[in-house]
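Keeping their order, the protein sequence lines are chains Z and C.
Residue numbers for the first sequence follow this note's numbering, beginning at 298 and rising by one.
Residue numbers for the second sequence follow this note's numbering, beginning at 55 and rising by one.
Ideal Cβ positions, reconstructed from N, Cα and C, are used throughout, including at glycine.
It should be emphasised that the depicted structure is a prediction, and the values quoted were computed from it without experimental measurement.
These notes are about the structure you will find just below.
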Amino acid sequence: MSSGEKYVAAAYGVIFVTVLVYVVIIAAKLARLERETAELAELARRRSPGG
Amino acid sequence: MLAATAAALVGLAIVLAFFVAPEDADQGISQRIFYFHVPIALTAYVCFGWGAWKALLLLWKREERYDLESYVAVHQGTIFGALTLATGSIWAKASWGKWWVWDSNQLVLFLVLFLFYSAYFMLRFSIDEGPRRANVSAVYALFGVALIPVSFLAIRLAEDFIHPTTFTRDGPQMTGTMFFTFCVAWLAITALAYVFYRVELLGKRLDANLRELREALT
C-alpha cells in the first residue's frame, strides 16, 4: 500500500467510524426511549382504575 | 426510505470516487479525499446556516420548537465541521507533508468557525432550561452565521495559494466525471445529514415528551 493510499484509507476510515459511532449513539438513545416509554405505560396502567 | 436513499447514494458516491472518476494528474490518489472532504465542509456550512435560520425564526415567531431545531442543526454542523477538519488534515499531510498550515486563511477561518460553534454548547448548557437559554442560544447561533461567508470566501478574498480553489468564476476546475462524482457525493452527504437531523430531532422531542409525562405521572 502506497503512502497516498494509506492517507485515503485513513480519511475514509475517519468518516466511516464517525458515522458508525453516531449511529450507535442514536440507536442506544432510541433503545432507552423505548424502555422508558414501556415503563411509563406500565406506570399508567397500574394507576388507571381498572389496572 | 430516506435513510435507505442516503445509504445508497453514499455507496454510489464511493463507487464513483474510486472506480469511475479518473486519477488526478497532479495529486494522484490522495485527491480522492476531495470527493467527501468538500461535500462534508459544504454540509457543515449548510447545517450552521440552517441552525441560524431556525434561531431567527425563534426570535421572530417565538415558537419554542425552533430552539430544538436550531440546536440540532448546530450539533450536526459541529459533527460535520469536525469531520472536515479531520479529513482536511489528512489530505494536507498527503499533499503538503504537513497536518496543518497556519498560513492558509481558509483553514484558520474554518477552525475559528468550528470553535465558535463548539462554544455554543458550553454557553447553552451553562444556562438553565427555559426561554432565556433559548434566546441566548439563538442570538449566538445568529452571530456565528456571519463567519460562514467569510470562511467560504476567504481563499478568494485573500488570494490564498496554499489551499486549492476548485470552483472559480470560470466554473469547476475538474473533468466532467470528477464533477459528476463530486455532485453525487454532495447529494449523498446532504441526504445523510438530513436523515441524522430528523432522527436526532425526533429523539430529542420524544425525550422531552417522556420527561413531561413522567413528571405528570409521578
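What's the call for E266 of chain C, buried or exposed, on a 16-neighbour Cβ count within 10 Å? exposed
Within the same chain, show all residues whose beta-carbon is closer than 8 Å to that of A140 of chain C, passing over the 5 residues directly before and after it, in chain order. none
Is there a C-beta anywhere in chain Z that falls below 7 Å from the one on F168 of chain C? no
Chain C contacts made by the segment 302 to 317 of chain Z, where a contact means CB separation under 9 Å: E302, K303, Y304, V305, A307, A308, Y309, V311, I312, T315 and V316
Check whether the Cβ of F90 of chain C lies closer than 7 Å to any Cβ atom in chain D. Protein chains Z and C are contained in the structure displayed, whereas chain D is not.
Nearest-angstrom beta carbon gap, A247 of chain C and Q130 of chain C [assumed within contact, 8 Å]: 6 Å
Measure from the C-beta of G331 of chain Z to each C-beta in chain C and report whether the shortest distance is under 7 Å. Note on identity: in this sequence residue 331 of chain Z is Glu, with Gly being the wrong assignment. Output row for E331 of chain Z: interface = no.
Taking only beta-carbon atoms, is G151 of chain C less than 7 Å away from chain Z? no
What separation, rounded to the nearest whole angstrom, lies between the Cα atoms of M55 of chain C and Y171 of chain C? 31 Å
Closest residue to Q81 of chain C among C:L196, C:W150 and C:V193 (Cα-Cα distance): C:W150
Near L241 of chain C, which residues of its chain fall below 7 Å by C-beta distance, leaving aside the five closest residues on each side in sequence? L63
Whose C-alpha, out of C:N263, C:V128 and C:P93, is nearest the C-alpha of A173 of chain C? C:V128
Could you tell me if the beta carbon of A71 of chain C falls within a distance shorter than 6 Å of some heavy atom in the ligand MG? Absence of the ligand MG is noted for the structure shown, with no ligands found whatsoever.
Is it buried or exposed for G184 of chain C, if we count other Cβ within 10 angstroms and need 16 for buried? exposed
Excluding five sequence neighbours on each side, which residues of the same chain lie with their C-beta closer than 6 Å to the C-beta of E123 of chain C? K108
Helix, strand or coil for P346 of chain Z? Go by DSSP, reduced to three states. coil
Looking only at C-alpha atoms, which of C:G225, C:A98, C:A71 and C:A148 sits nearest to E302 of chain Z? C:A148
Taking the beta carbon of S299 of chain Z as the centre, do at least 16 other beta carbons fall within 10 Å, making it buried, or is it exposed? exposed
Among Z:E331, Z:G310 and Z:L327, which has the Cα closest to the Cα of V253 of chain C? Z:L327
At which residue ranges does the segment 73 to 123 of chain C contain complete alpha helix (DSSP H) runs of 4 or more residues, listed in the order of the chain? 88 to 115
Identify the continuous alpha helix (DSSP H) that holds D261 of chain C and give its terminal residues. G230 to L271
Strictly under 7 Å for the Cβ-Cβ distance: is I323 of chain Z near chain C by that measure? yes
Sequence-distant residues of the same chain with beta carbon closer than 7 Å to Y251 of chain C, five excluded per side: V126, A127 and Q130
Meets three-Cβ-pair contact criterion under 8 Å: the segment 92 to 111 of chain C and the segment 192 to 210 of chain C: yes
Go ahead and pull the three-state DSSP assignment for G310 of chain Z. helix
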